[in-house]
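Numbering (the working numbering), first residue to last: 313 to 387.
We treat Cβ as the ideally placed atom computed from N, Cα and C, and that holds for glycine.
It should be emphasised that the depicted structure is a prediction, and the values quoted were computed from it without experimental measurement.
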């Protein structure tokens, strides 16, 4: 049971056409396209915010290391 072949896709398309009608299909495709676009935008924004947070954390650690008092140990 693998991916549908050419004939199966034609049958699926005909069933969808019969169920939704010719006028409704473009509206469904438009809604699906905008949903995918919004999902990709959300993923991109999430990745950007995660990388920004990581950079800020690294900078804070670097600043904390610079502010640590250096101990002079004499033997």
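Tell me whether the beta-carbon of residue i lies closer than 8 Å to the beta-carbon of residue j.
i           : j           : result
residue 319 : residue 329 : no
residue 332 : residue 340 : yes
Mapping DSSP to helix, strand and coil, what is residue i?
i           : result
residue 314 : coil
residue 334 : coil
Out of curiosity, what's the CA-to-CA distance linking residue i and residue j?
i           : j           : result
residue 363 : residue 314 : 39 Å
residue 369 : residue 345 : 36 Å
residue 335 : residue 371 : 55 Å
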